[in-house]
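Okay, so the sequence shown: first residue is 2 according to my numbering, each after it adds one.
Glycine included, every Cβ here is placed at the ideal spot set by N, Cα and C.
Heads up, the thing below is written out as structure tokens.
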Amino acid sequence: EYWIDYSMIPGETMTGMRMPKKYVVEMFLDRIAASRTYMREKYTDRSPLEYYKGGADKMVIHPQTRAMLEKLLIMLAEEGEAVVFDYIRKEILKKGR
């Protein structure tokens with residue numbers, strides 16, 4: 002809700018604001034943590050993506066933020082934690098970016 006503001010587009014009331022990369026990563030990690038907590042032994046690397054798909058159409062989120070979050074969730078589901086965490090460290094949170 003902190004990344005939502007009033008829209009300047011006629012007919013839209015609220016719009017998602019672009020989030021800094023570090024906060025998109027935090028949101029991604031929060032989804033993993035919540036999925037692990039609530040699903041316990043049923044958790045898989047697909048769980049955060051499946052949960053996201055259930056409510057994605059209701060989210061007020063900037064298109065670039067959505068694209069980054071979805072990329073990370075899909076990477077987690079298809080390639081696993083080690084790959085996505087390495088990608089986050091080397092490509093997203095890399096110093097100087």
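When DSSP states are grouped into helix, strand and coil, T45 belongs to the coil group. Counting of Cβ neighbours within 10 angstroms places M69 among the buried residues, the total reaching 16 or more. DSSP, read as helix, strand or coil, puts M40 in helix.
Sequence-distant Cβ neighbours of Y53 in its own chain, meaning closer than 7 Å and more than five residues away, are R32, L74. Taking C-beta atoms as the reference points, W4 and I93 fail to come closer than 9 Å.
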